[in-house]
Amino acid sequence: MVNQPVLIVDDEVEMRIAMSETLKHCGYPVEISHNAIDALKKFKQNEYSLVITDMTMPKRSGLELLKDIKSIAPAKP
Numbered sequence: 005m006v007n008q009p010v011l012i013v014d015d016e017v018e019m020r021i022a023m024s025e026t027l028k029h030c031g032y033p034v035e036i037s038h039n040a041i042d043a044l045k046k047f048k049q050n051e052y053s054l055v056i057t058d059m060t061m062p063k064r065s066g067l068e069l070l071k072d073i074k075s076i077a078p079a080k081p
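First residue of the sequence shown: 5, per the working numbering; consecutive thereafter.
Here it is, written out as structure tokens:
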């Protein structure tokens, strides 16, 4: 089991639930976010082993989120 949670970012409730339940069933701790802005706030406050993001979301896309994350934590793969 991984100590650091996985962050799931998706504007669709059904997708967040499906991914969250699947990862939890596999033993991963999970946190969820409904948009890129909220996800970036969480990323700045917590350590995550993985970020899974929807690419097409309102306001900021998943690609923009990943670019922001990379600028904050360039060593993260």
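Think of the CB as a built atom: it goes at the ideal place given N, C-alpha and C, for glycine as much as any other residue.
This structure is a prediction, so every number in the text was calculated from the model and none was measured.
- In this structure, the CA atom of Thr57 is about 6 Å from the CA atom of Gly66.
- Distance between Gly31 and Pro9, taken at the CA atoms: about 10 Å.
- Assigned with DSSP and collapsed to three states, Thr57 falls in strand.
- One thing to note: Leu11 has its Cβ within 8 Å of the Cβ of Ala43.
- Going by DSSP, Glu35 is part of no alpha helix (DSSP H) but of the beta strand (DSSP E) stretching over Val34 to Ser37.
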